[in-house]
Structures are given as structure tokens and as C-alpha cells.
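This report refers to the structure that appears directly beneath it.
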Amino acid sequence: MPDANDIFTVNIKVPLTDDEATKEGALLVLKEIKPTWKRELISFKAFTVGITNKILCATYSPANGTTHKEQLLFRIYGNNTDKIIDRNKEFNNWLYLASHGCAAQIYARFSGGIVSGFLPGNTLTVDNLRDDTIVTNTCKSLSRLHKLKPNTGDEAKPTLFIKIKQFLANFSAHYENKQKQERYDKFFKQREISFLHDLHCLRDIIQRRQSKVVFCHND
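For the sequence shown, my numbering gives the first residue as 3, with consecutive numbering after it.
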């Protein structure tokens, strides 16, 4: 596993203000990590924006047509997401998973994100989930992930409930929109629903099972 300090770091900010500014920032990063790539042969495609990241794919298509295309992914962190995500821990976990073939290679870090390799794939459909071959391979991949021991250097401690509490701490029970506030109060306050209470109940049930601490995807 490569050391985090060995990963090339670029002191360039890739803005999220608009698509063109994002592409220009990505081009500056590529100039540092892929100096042989010609600007006019680089194209970009924005993938679906997640809650915590914006994903941008950079494709280099050589003019001679004989060399295979190269693709890199820019993962640009959303504003203030560091309040709920430890980006350094995420980065080290990624390196560890990549060393075991469970994640793409990381090529570089920049201010507010990383550049990784591109793993081709398709979004699963309902029909895919009914395909025995796909289901079996998915289960095998998840099993492989869960068998990895967390690379903590000491006794692994679960972070599931710590993370959920961090999410809840950043939620607000107050809305500027009057209608939203009324809907919230009617559903949660009048029924005395408490996420935190439910979380503690769930935590107590799971902790009694004394399950192993394993790698898993947060979704």
C-alpha cells in the first residue's frame, strides 16, 4: 500500500461555481499530473452529482486513433462536507482498498478533492438485479470487501453510529419556508418522533450482537 505522502499533491483549487470554472480548474490539475496530454484532445463529462461530491470524468483521445483513450475521474468535495466526512481517513481507506483491488488507483490530490483512475461500469437496473450471474458476482465482491481487516493499526472500532450522529448534528429542525416547517412539526413533533432516540435503540440492539467490524460502503 502506498503511503499517503507519496501521492502527488497539487495546490490547485477546482471550483464548484459553474461547469466551465470546474473544467478550467481540472485542466490546470491535468497540466501538472498529465503534462503530455494536449488540451484540445481532452473532453469532460459530468456524472450525476452526489450529496457529498461532484464527479467529473476527463477523457484523453489521442489524435492518431491507434492509442487507447485514457480516462481519469475528478472527485470534487462539496462545500462543508468535511463537517461530516473525515477526508484524510477516507483518503487512507481508499489507498488501502485500492491496494487490494477494491478501488481505483489514486493519481493525485488537489485542494478539495482527488484524481483517481476510471473503472468502467453501468448503473444497475431492476432487470440486472434479477440476473443470477450479476447477483452472484455482486455478492462475491461485497464478501471480498467485508473480509478485509480495517487498516487501523490497532483494535478496529465501529464508526457507524458516530457518523450517523454527526449527520444528525448537522440537521436543522427549523425551516425558513413556513409550509415546510408546518409539515415537519406535524409529522415529527406531534408524533414525538426522535431520530436520536431511535438511533440509540438501534445501537443497543446491534452492539449486543457483537458483530465483527468490517469495511462496508456507507450506502
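Positions of the beta carbon are idealized from the N, C-alpha and C atoms, including for glycine. If you're wondering where the values come from, they're calculated on a predicted model, not measured in any experiment.
CA nearest to the CA of residue i, picked from the options
{"i": "K214", "options": "L150, S196 and D8", "result": "L150"}
{"i": "I35", "options": "Q181, G123, F112 and N124", "result": "F112"}
{"i": "L58", "options": "F169, D134 and D20", "result": "D20"}
{"i": "L198", "options": "F173, V216 and R210", "result": "F173"}
{"i": "H202", "options": "E184, K182, F93 and F163", "result": "F163"}
{"i": "E88", "options": "D187, F169 and R41", "result": "Per the sequence shown, residue 88 should be read as Asp rather than Glu. Of the listed residues, the one whose Cα sits closest to D88 is F169."}
{"i": "E42", "options": "N13, A60 and A48", "result": "A60"}
{"i": "N66", "options": "Q183, L74, K40 and F190", "result": "K40"}
{"i": "Y160", "options": "Q183, I14, V128 and R205", "result": "A small correction: the amino acid at residue 160 is Pro; Tyr does not occupy that position in the sequence shown. Looking at the Cα atoms, R205 is the closest of the given residues."}
{"i": "S143", "options": "E22, K47 and F217", "result": "F217"}
{"i": "K191", "options": "K47, G119, K33 and A175", "result": "A175"}
Distance between residue j and residue i (C-alpha atoms, nearest Å)
{"i": "S101", "j": "V16", "result": "27 Å"}
{"i": "I86", "j": "G80", "result": "11 Å"}
{"i": "L18", "j": "T24", "result": "6 Å"}
{"i": "T140", "j": "I207", "result": "28 Å"}
{"i": "E194", "j": "I166", "result": "20 Å"}
{"i": "L131", "j": "R146", "result": "19 Å"}
{"i": "I116", "j": "A110", "result": "6 Å"}
{"i": "A28", "j": "S196", "result": "43 Å"}
{"i": "S45", "j": "A106", "result": "20 Å"}
{"i": "K12", "j": "H148", "result": "Just to set this straight, residue 12 is Val in the shown sequence, not Lys. Straight-line Cα distance between these residues: approximately 33 Å."}
{"i": "V137", "j": "P152", "result": "25 Å"}
{"i": "Y177", "j": "V31", "result": "39 Å"}
{"i": "R211", "j": "D200", "result": "17 Å"}
{"i": "T38", "j": "L99", "result": "29 Å"}
{"i": "E72", "j": "G123", "result": "15 Å"}
{"i": "G114", "j": "I14", "result": "9 Å"}
{"i": "L126", "j": "E184", "result": "37 Å"}
{"i": "F189", "j": "Q209", "result": "29 Å"}
{"i": "H1", "j": "Y62", "result": "The structure shown does not extend to residue 1, since the chain spans only 3 to 221, so no value can be given for it."}
{"i": "H219", "j": "P64", "result": "35 Å"}
{"i": "N94", "j": "L121", "result": "19 Å"}
{"i": "L74", "j": "N179", "result": "41 Å"}
{"i": "K33", "j": "V128", "result": "41 Å"}
{"i": "N90", "j": "S118", "result": "15 Å"}
{"i": "D133", "j": "Y186", "result": "40 Å"}
{"i": "C104", "j": "E92", "result": "14 Å"}
Residues near residue i in its chain [Cβ-Cβ closer than 7 Å; skip 5 each side]
{"i": "N55", "result": "R77, I78, Y79 and G80"}
{"i": "I9", "result": "I108, A110 and R111"}
{"i": "T83", "result": "T54"}
Same chain, Cβ closer than 6 Å to residue i, five either side skipped, listed in chain order
{"i": "F49", "result": "I57"}
{"i": "A158", "result": "P152 and V215"}
{"i": "E22", "result": "none"}
Own chain, CB closer than 8 Å to residue i, minus 5 neighbours either side, in chain order
{"i": "E26", "result": "none"}
{"i": "K47", "result": "L58, C59 and T61"}
Could you name each continuous alpha helix (DSSP H) segment of 4 residues or more that falls completely within the region 84-159, going from the start of the chain to the end? DSSP runs (the alpha helix (DSSP H)) wholly in the region 84-159: 89-101 and 134-148.
Report the residue ranges of all alpha helix (DSSP H) runs contained in full by the region 156-184; include only those spanning at least 4 residues, in chain order. Qualifying alpha helix (DSSP H) stretches, in chain order: 162-171.
Residue ranges of each beta strand (DSSP E) run of no fewer than 3 residues wholly in the region 25-82, ordered along the chain? The region 25-82 is shown to contain whole beta strand (DSSP E) runs of 3 or more residues at 44-48, 55-62 and 72-79, in chain order.
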